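Data block below; observations after.
In this note's numbering, the protein residues as written are -12 to 211.
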């Protein structure tokens, strides 16, 4: 019986992953260095992947002040992402979950203040019963701890929840936690392998929670 939906944040609710890659490409271009998506994608959905600054320093043969580099990056990134609206289909999924009486959580490898600020800006905060982030765990995705903590907070079993992800690292974490998982790849994750997930969609606009529940648990009767 499906009782909950757990969202990833970056790339699922907000188109921040595409913007971050554009910003990093811009930063690298200042040093005449290319940033291949194949390398950058290793960092998506986790905090423990590809070290972009080390790679840049190696490629340009220069020592770059880490604090200054990330301050410049964050200034440009925040300026761009603060203008972004919620991704298509997200509000519909949240409304569907509410109508069906499902609990809703969020599990992100980012620091907790990041999704909270944008959920408030977008008017989505009240939909979420729990938010688990980098601050709440020892290990972020692809480790399953974020999803395990989310399930505990929602008081549901793994097979009573569906995770919505966009990256390999995130979807692997959800499956390791024993959950159902669907993915909605974006411009920077669409080349990733997703053979391990339970469904793949071009957009959340294409997703019906009711149909997913009937697919995963055919005998479940739904609230309406």
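Quick reminder that beta carbons are idealized off the backbone N, C-alpha and C, glycines included.
Just so you know, these numbers come straight off a predicted model, no measurement behind them.
Could you spell out the range, first to last residue, of the beta strand (DSSP E) harbouring residue 119?
117 to 119
Can you grab the Cα-Cα spacing for the pair residue 69 / residue -6, in whole Å?
Between the alpha carbons of residue 69 and residue -6 lies a gap of roughly 20 Å.
Would residue 152 pass as a contact of residue 124 if the rule is Cβ separation under 8 Å?
no
How about residue 79: is its Cβ closer than 7 Å to a heavy atom in the ligand NAP?
Judged by which ligands are present, the structure shown has none, so any question about the ligand NAP falls away.
Rounded to the nearest angstrom, what separates residue 165 and residue 184 at their Cα positions?
11 Å
For residue 61, which of 144, 199, 11 and -2 has the nearest alpha-carbon?
11
Grab me the residues of residue 22's own chain with a C-beta within less than 6 Å of its C-beta, minus the 5 sequence neighbours each way, in chain order.
Taken in chain order, the residues that qualify are 11, 12 and 15.
Using the three-state DSSP reduction, which class does residue 31 fall into: helix, strand or coil?
coil
If we count Cβ pairs, one from each stretch, closer than 8 Å, do we get three or more for the region 139 to 147 versus the region 99 to 108?
At 8 Å Cβ cutoff, the stretches do not touch.
Since I believe residue 33 is in contact with residue 128 (beta carbons under 8 Å), could you give me their beta-carbon distance rounded to a whole number of angstroms?
Contact between residue 128 and residue 33 holds, with the beta-carbon distance rounding to 5 Å and staying under 8 Å.
Flag this pair as touching only if the region 188 to 198 and the region 39 to 49 have three or more C-beta atom pairs under 8 Å; answer yes or no.
no
Expressed to the nearest angstrom, what Euclidean distance is found between the alpha-carbon atoms of residue 143 and residue 162?
Taking the straight line from one Cα to the other gives about 15 Å.
Residues of its chain near residue 130, where Cβ-Cβ distance is below 7 Å and the 5 sequence neighbours each way are ignored
160
From residue 5 to residue -10, what does the alpha carbon distance come to, in whole angstroms?
31 Å
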